[in-house]
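The next block holds one structure in the form of structure tokens; read it before the comments.
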Amino acid sequence: MKDSPYFHIGVLVPDLERAMAEFTRQHGLAFPKPAAITFAKADGSGEESIRVVYTKNGPPYYEFIEALPGSVFGDASGGPVHHVGVWEDDMAGRVKLLRENDVAVMASGLGLSGRPGLMEDAVPHWVITEPNAFGVRYEYFDAALRPGIEMWIETGEFPGAG
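FYI, the numbering for the sequence shown is 932 to 1093, going by my numbering.
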């Protein structure tokens, strides 16, 4: 069987624990422990942190993100789907392609070098694009981190979390 072209659907929720409880009750979904994820602000003014959890059921998985007012993850009432997450085998190439096609990046994970954002010499391990003409954002996620993400989903322990 061929892999899905995406591995998760990101959904903004106002309260992570409540959403987990509701989706468990209504749909029988199971969750590991949530994790705090740090990302670079699109304007380069610093970093922010969000709380995130993936369902254990999948793929594809649901990713619940607790809304953070004033950020790209700010409005949990704007629609049920925030982004579609896909694995990317060539993050440097993806970032280059986004730049060449004037696709704005709304948020990015810390670069693999440990520095934030879309710096010229750093490659982030994930980026979320601006919404396209149809309102869909894409999260390109470095496929090299797939084993760690899958371990988190399975065990509830987020690799590298302090």
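Just so you know, even glycine gets a beta-carbon here, dropped at the ideal spot from N, CA and C.
Fair warning: this is a prediction, and the values are worked out from it, not measured in the lab.
Residues of the same chain with a CB within less than 8 angstroms of the CB of residue 1023, apart from the 5 flanking positions on each side, are 1054 in chain order. Three or more beta-carbon pairs separated by less than 8 angstroms are not found between the region 953 to 964 and the region 1017 to 1032, which leaves the two stretches without contact.
Short of 6 angstroms from the beta carbon of residue 1059, and not among the five residues preceding or following it, lie these beta carbons of its own chain, in chain order: 1014, 1037, 1038, 1068, 1070.
Contact annotation: residue 1012 and residue 940 have beta-carbon atoms nearer than 9 angstroms. Taken in chain order, the unbroken stretches of alpha helix (DSSP H) that lie wholly in the region 936 to 1006 and span 4 residues or more are 947 to 958. For residue 1070, the three-state secondary structure derived from DSSP is strand.
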